[in-house]
Every structure is written in structure tokens, then in C-alpha cells.
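Position in the sequence shown (first residue = 1) + 115 = my numbering.
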Amino acid sequence: MNEKELLKKLTLADSPSGREHIVYPMIKEVFNEFGDVKISNLNNIYIEKKGKKDKKIMIMAHLDEVFLAVTGFSENGFLKFKPVGIDIKTLVSQEVIIHGKEDILGIINIKPPHLMSDQDKKAGVKVEDLSIDTGFSKEYIKTKVSIGDFVTLKGEFVELLNNKVSCKAIDDRAGIVSIYTMAKYLKEKDLNSNIYYVLSSQEEVGHRGSKTASYEINPDIGIAIDVTFDSGKYGADDRENIIGGGPSVCVGPNIHPKLKNIIIETAKENNIPYQIEVEPGNTGTDAWDIQVSRQGIPTLLISIPEKYMHTRVEVISMDDIINTGKLLGMFIEKLDKLDLEEVLCF
């Protein structure tokens, strides 16, 4: 399976925070050739490639996605909901899937502009203005859906120009595909280090999986892979992350400076394009929690530039995904030959 095929398969699957076990069979089938695959009590998925010595390197990308939750029923059968990690302005007229006793397709409705008053048109969209229409009566939908059921955005995988693609949940299935590229590169390498590929749970609701995985594995080094905001139109104008420009290496207090220097050296030595992203505070990723687990874990964060984060039309470059995996594979191979105690000593 190539990387684009895998990204399509992963993004079209549904894995809201706390329900990551749904895709465990798919992950096990794809990653089984790279090591022992197991799932934790909190739905973290671990793929362990055993090494010759006791050094442990953990590479993590989160498996969950943003979602909605059903909060009630209207008299006309519409479903009330709360969004988690999604701006309600992006939900108008979107297709969703309600994960009740069976999966049910719905659409998020809003009053047509012809029927809006001038005040309605000027007002911002509120979550109480929206609901999910399944076409079913209240009596019937209550036999299939319960309060608290999860709802995910309905994905459509679209191939764009210049090897770019669009879908929902590219955050952070792109990171998982980078791990796949890395795992292929390292598969036949005879390493000293034990490599733990971790697909973490509940990142979107507080990085919970990264906390428990870091505590359980207790690695010598932790590496997080996530997406980041591009700096193009409708992006973040305070940074220089260009889609297609390569993985972004994070710099800041969340990051071990020597590891950052080594991965930049690796990129230069192998002519892999890379970018620099400055995060002087909280990176908002699993890396933030990895770093402070137990007595502290030297941490690295590599991010893949993305447009339209937390919508159903996220856009990313396949080149950036693959280059991220290649760079990390070469970085780990290089790191494996070094004295970690010397590398990590300030």
C-alpha cells in the first residue's frame, strides 16, 4: 500500500476521541509487519520494533479526530449537539455521521437566507441555531440514537494539484502515514534501540493518550508528529510554514536543543527540505505532555503544514508527509549509532 492509499483509508475511517479502538483492526492489519501491535487501556496503539539493547525511542502521532456529541432531541426529530474542537461556522450545511446503534447519515441545517430577518443575517452563528436533520421522526430516531452518541464529519477524499489532497481528519492521520513511511525505512535495519510507534488517543481533548503512553513506555527520547498551520491565505501569518516546503522542525522550550540540531543536520545531509517553526510556549501537541512525563523526557516535535485545520476539507501535501517519514527514519538511524547519554547531556 502506498502512502496516498493509506491516508485515504485512514481519513475515511471514523475515530473520535475515546473511540480509537474502532480502527484498531485496520491499524493492526497495516502495521503488523513492522512489530508487535497492541492496544492499551486508554486506546493507545503501540507497535514495538525490538532492538538489540535497552534504549527506547518513542514516535507518536495521534489517532483521534474532532467530533460532535448528541445532547438532545427536538420535537421534529432534529438532533441537538455540542462540537468538540470544531468551530460551528464551519458546520453549516455539512454532512455528518451519527454513530448510534447503527451509523446514520445526517446534515447540519440552518434557516435559509430568504427566511432570515435582517437581525438574523447580521448575527453570528450559534450552536443553538443548528441541528442535525436525519429525515427521521423523533420517535424513530430515539430508537437508534442516544444522548451522548458521537458524531463525525463525513469525509470525502479529494486529490488536488501538485500532489496535495483534501479530507477530514488529516489531523493527525497524516502523522500516522509518516510513521508508516518511517517504519518501512527502518523495517530491515538492525537497530540497537527499541522503537515504539505510538498512535495516541484523546489528543484533541487534552493529550491524554500521550500522558499514559509516555509513563508506560518511559522512553529515552520522545518524538511527536502532528500537523501545523500553514502560513498562506487563511493561515497563520506569524510563521513561515509553506505547504510543500517540507516538515517543520519546532524550536522552543518544549524541544530538546541537541535533538533539534541533529535532525536539522540529518535533513541537510540527505537533501530533505525542512522548515523551522518557533513555539516559545505550549506547542498544543502531544510533545507538551511527553516532555514532562516521569522525570522528564527529551522531546522533539515535527509538524506537517496543513490548511483549514479541524474542518472536513483539510489540505496537505503528500510530499511533506513522505519527507517527514523519511527524515525521521534517517534521524533515528543516525541517533541509534550515537551515545545517547552524551547527546542528551546539556
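Glycine included, each C-beta is placed from N, C-alpha and C at the ideal position.
Every value quoted in this text rests on a predicted model; they were computed, and no experiment measured them.
DSSP three-state assignment for residue i, whether helix, strand or coil
i      : result
Ser363 : strand
Asn158 : coil
Asp179 : coil
Val207 : coil
Ser246 : strand
Glu303 : coil
Phe196 : strand
Glu319 : helix
Cα-Cα separation, residue i to residue j
i      : j      : result
Val280 : Met424 : 13 Å
Asn369 : Ile379 : 17 Å
Thr400 : His229 : 43 Å
Ser252 : Phe272 : 31 Å
Ile412 : Tyr255 : 52 Å
Cys282 : Cys460 : 42 Å
Ile338 : Gly192 : 46 Å
Glu318 : Ile203 : 20 Å
Glu274 : Asp345 : 19 Å
Asn307 : Met175 : 19 Å
Glu144 : Gln234 : 54 Å
Pro140 : Ser316 : 15 Å
Lys259 : Ile137 : 19 Å
Tyr161 : Lys171 : 13 Å
Gln209 : Leu276 : 24 Å
Ile225 : Val207 : 7 Å
Beta-carbon separation (whole angstroms), residue i vs residue j, contact threshold 8 Å
i      : j      : result
Asn356 : Glu392 : 6 Å
Asn278 : Ser132 : With 8 Å as the limit, Asn278 and Ser132 do not qualify as a contact, their Cβ atoms being about 30 Å apart.
Gly215 : Asp264 : 5 Å
Pro362 : Ile417 : 5 Å
Paired residues, beta bridge with residue i - DSSP
i      : result
Val152 : Ile162
Gln390 : Ser363
Cys460 : For Cys460, which the question treats as bridged, DSSP gives no partner whatsoever.
Glu421 : Phe344 and Ile431
Thr267 : Ile212
Ser281 : Val273 and Val430
Tyr312 : Ile162 and Ile174
Bounding residues of the alpha helix (DSSP H) (the contiguous stretch that carries residue i)
i      : result
Asn438 : Met433 to Asp451
Leu122 : Glu118 to Leu127
Lys373 : Pro372 to Glu384
Val260 : Note, Val260: premise wrong, no alpha helix (DSSP H); not H, not E.
Tyr330 : Arg323 to Ile332
Ile142 : Tyr139 to Phe146
Host beta strand (DSSP E) of residue i (start-end)
i      : result
Thr400 : Where Thr400 is concerned, there is no enclosing beta strand (DSSP E), given that its DSSP letter is neither H nor E.
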